[in-house]
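In terms of the working numbering, the sequence shown is residues 8 to 679. Quick reminder that beta carbons are idealized off the backbone N, C-alpha and C, glycines included. Scroll down for the structure; my scribbles are underneath it.
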Amino acid sequence: MISTARHGDVLVVTVDNPPVNALGTAVRRAIGEAVTSAQADAGIVATVIGGAGKLFSGGADITEFGKPGGEPGLPELCDAVEASAKPVIAALHGTCFGGGLELPLSCHGRVAAPSARLGLPEVKLGLLPGAGGTQRLPRLVGVARALDMIVSGDPIGADAALAAGLVDRVVPEAELLAGAVAFARDAAARGAPRRTGEREAQGGVAAVDAFTAAKGRALGGRDAPAACIRAVRGAVELPLADGLAQERRLFVDLLGGAQSKALRHAFFAERAANKIEGLPADAKPLKVERVGIVGAGTMGGGIAMTFLSAGIPVTMVERERGALDRGVALIRSNYERSAKRGRFTPDEVEAAMGRLTPVLEFDALHDCDLVIEAAFELLEVKTEIFGRLDRICRPGAILASNTSYLDIDAIAAATSRPGSVLGMHFFSPANVMKLLEVVRGARTEPAVLATAMALAKRLGKVAVVSGVCHGFIGNRMLNPRQAQANALILEGAAPEDVDRVMLEFGMPMGPFQMADLAGLDLGWTAETSKGETVRDILCERGRRGQKTGKGFYDYDVDRRRTPSDEVKAVIAEVAARQGVARRTIGDDEIRERLLYSMVNEGAKILDEGIAQRASDIDVVWINGYGWPATTGGPMFWAESVGFDRVAAGLARHRDRLGDAGEPSPRLLSRSA
């Protein structure tokens, strides 16, 4: 768990608890004993605490949360380190997160390697730093900077930490230990340690108020950020001991709260999604050094950027020069826009563009290890492309489709290598959205599936395995929600009311906002339109969404939306034609019909084995559709509100739900 070594008159304590050097009970106890023994050893003038492997520490052992903790707790260990009569210096490299930063904050100095990334991400689990982070960080870097770090949960690098006063010295990686030991000797020579808790938090209450005024509204509805702000205010207004006590009370309250339970569920769900049921132990990922992409449109370009940014060369093919040139120009434009926001340097933009090879010849895909098709969403188009790829691509190359809905097995049947075919459903914009649905066909080989999952991690994506069905996991569950939204407006609910209910629940946009953003003519053609539905009529009138300035809503030049009288008239016309009796519909009915129908479809997906586990469905919806993570995802949320309540709601609205109201056997068994 730890090792100790004497470097002359300095004791070096190294945390060695793979994979992330978590500060579990045994590690805390060993560190505490080592620091105590150094106090009693006349031959030791100072202690250095460092981490083995690629990082200092990923923080507390999250599996201990909510369980009786062993002594000493992390807060007690940090207090004991800070109280040491001999200097304790932290030697930091790699990840220093959560408790892995709170322990260094309690030290009397911090020496970092350039690789160090320092952060307090507890807010992302619905918590706050509970071992003194909210009290000591403001005393080191000032209130404003501390609030930025604590409330966002985002880390900073070594150079930024040095500039802020969070670390005292940055030394080359190879010199970290020697530099920390030398710093420790210097600290001992200066006499009694200067303790972080004895400093004053610069910025005061005014900085807390300014932060709250600037960002408080954006944090609405989340418990943890508000608690973080309150705790930091305590660092300004209270003595250290009282501030620490308040921090602990706030931490315990959050830990038992619904939001933190949901966020911790989401955290573990992402990790569970990487585990593939039935995958043989010897299924090793294949090498992917060059990727081909068929299609230079919005999706193809976004997928290309995802690989280019990860350092993987891309060959992108289109049928026509104009489309290819527009695709390349869009990629460059997106990169340059990101560079203006500081995400890339100009050199990084040029390096990424240098990895792109745009071509008009399919034969150029021959040497690619993986080819992703991002063409029009028609099965006949995709099967034609896959037949062609099968003839061109080298043996062993993986062929993937970015389809959102279509049958991967039917696409694979167009090739002589169905075992090398699978779905890789990126979400738009592909270079931004984290989710990747990896669709396992009936004959997809284990190594091919393992390759896609490993590649997702390399790309910084959150991957979830889905079986083959129309819409896979996410879009299949979206369909009944959209169907209910369309039915509700015919029955009397206004589009803006349906959207408002979803926004109040925590979704980033409602069904009709989303439809306008995507384009109402997605999958619609004038030639096949029968003018029967609200969407048909709106498209025929040129109301095709934000891109035309009007869809379900009217939009101004800044794309601000307002309800449309024309749309309300169209809805009333269609309702009358279909004989739908219109009535007043309350928010509860809107919420239940939209969300319960989704949960029921999710349960059917589990019944059919399309998803491996309920938590995978939660991962899809949090990362792909903006489901509020503070509720844990649709399946976790349904469990928290009660499956019996969901089943009762389905029964209550059964006549209006159609097939979406037919309860899943799993749902019925859980509600019994």
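7 Å CB neighbourhood of residue i in its chain, flanking five on each side removed
i: Ala37; result: Met8, Ile9
i: Glu599; result: Gly656, His660
i: His115; result: Pro94, Val95, Ile96, Ala194, Pro200, Arg201, Arg202
i: Cys375; result: Arg297, Val298, Gly299, Thr322, Cys400, Ala404
i: Gly616; result: Gly474
i: Thr305; result: Ser435
i: Ser536; result: Asp543, Cys546, Glu547
i: Leu261; result: Gly133, Leu134, Leu135, Asp230, Ala231, Ala234, Ser267
i: Ile629; result: Ala273, Ala636, Gly640
Cβ-based burial, residue i [other Cβ within 10 Å; buried from 16]
i: Phe218; result: buried
i: Val177; result: buried
i: Gly139; result: buried
i: Leu574; result: With the sequence shown as reference, residue 574 is identified as Val, and Leu is not the correct amino acid for it. Looking at its Cβ environment, which holds 16 or more other Cβ atoms inside 10 Å, Val574 is buried.
i: Pro515; result: exposed
i: Leu367; result: exposed
i: Lys61; result: exposed
i: Asp216; result: exposed
i: Gln266; result: buried
i: Val259; result: exposed
i: Gly77; result: exposed
i: Ala225; result: exposed
i: Asp506; result: buried
i: Val388; result: exposed
i: Gly558; result: buried
Residue i - DSSP class collapsed to helix/strand/coil
i: Ala618; result: strand
i: Glu180; result: helix
i: Pro287; result: coil
i: Glu444; result: strand
i: Val22; result: strand
i: Ile480; result: coil
i: His660; result: coil
i: Arg362; result: coil
i: Glu608; result: helix
i: Ala421; result: coil
i: Val378; result: strand
i: Thr451; result: coil
i: Lys575; result: helix
i: Phe63; result: coil
i: Leu429; result: strand
i: Leu406; result: strand
i: Lys93; result: coil
i: Ala49; result: coil
i: Thr555; result: helix
i: Ser345; result: helix
i: Lys439; result: Before going further, note that residue 439 is Val rather than Lys in the sequence given. Three-state DSSP puts Val439 in coil, outside helix and strand.
i: Asp370; result: helix
i: Ile629; result: helix
i: Arg201; result: coil
i: Ile300; result: strand
i: Arg567; result: coil
i: Val295; result: coil
i: Met8; result: coil
For residue j and residue i, believed in contact at Cβ under 8 Å, the rounded distance
i: Val429; j: Val469; result: Val is not the amino acid found at residue 429; the sequence shown has Leu there. Between Val469 and Leu429 the Cβ distance is about 17 Å, and since that is not below 8 Å, they are no contact.
i: Leu135; j: Thr141; result: 6 Å
i: Leu337; j: Gly308; result: 5 Å
i: Ser604; j: Pro487; result: 4 Å
i: Val446; j: Gln619; result: Val446 to Gln619, Cβ: 13 Å. No contact.
i: Val42; j: Ala87; result: 7 Å
i: Leu456; j: Leu286; result: 7 Å
i: Leu30; j: Ala67; result: 5 Å
Proximal residues to residue i (C-beta, below 8 Å), its chain only, five neighbours per side dropped
i: Val321; result: Arg297, Val298, Gly299, Ile300, Ala311, Phe314, Leu315, Arg362, Leu363, Thr364
i: Phe393; result: Glu380, Leu406, Ser408, Ile418, Ala419, Ala421, Thr422, Val428
i: Val378; result: Val298, Gly299, Ile300, Val301, Leu372, Leu396, Cys400, Ala404, Ile405, Leu406, Ala407
i: Leu5; result: Residue 5 cannot be examined here, being either before or after the span of the chain that is shown, 8 to 679.
i: Ala346; result: Thr352, Pro353, Glu355, Val356
i: Arg255; result: Pro82, Gly137
6 Å Cβ shell around residue i - same chain, five flanking residues per side excluded
i: Ser622; result: Ala276, Ala279
i: Val243; result: Ala208, Gly211, Val212
i: Val52; result: Asp16, Ala195
i: Pro145; result: Ala153, Ala208, Val239, Ala242
i: Arg568; result: Tyr560, Tyr562
Residue i beta carbon near the ligand FMN (any heavy atom closer than 8 Å)
i: Ser113; result: Absent from the structure shown: the ligand FMN. Ligands present: none.
Discussion item. If we require 3 or more residues per run, which beta strand (DSSP E) segments fall completely within the stretch 98-126?
Written reply: 102-104, 116-119, 124-126
Worksheet item: Can you give, in chain order, each stretch of the alpha helix (DSSP H) that sits fully within the stretch 237-289 and has at least 4 residues?
Response: 247-262, 265-280
Worksheet item: In the stretch 483-528, which residue ranges form an unbroken alpha helix (DSSP H) of at least 4 residues, counting only runs that do not cross its ends?
Response: 502-512, 518-525
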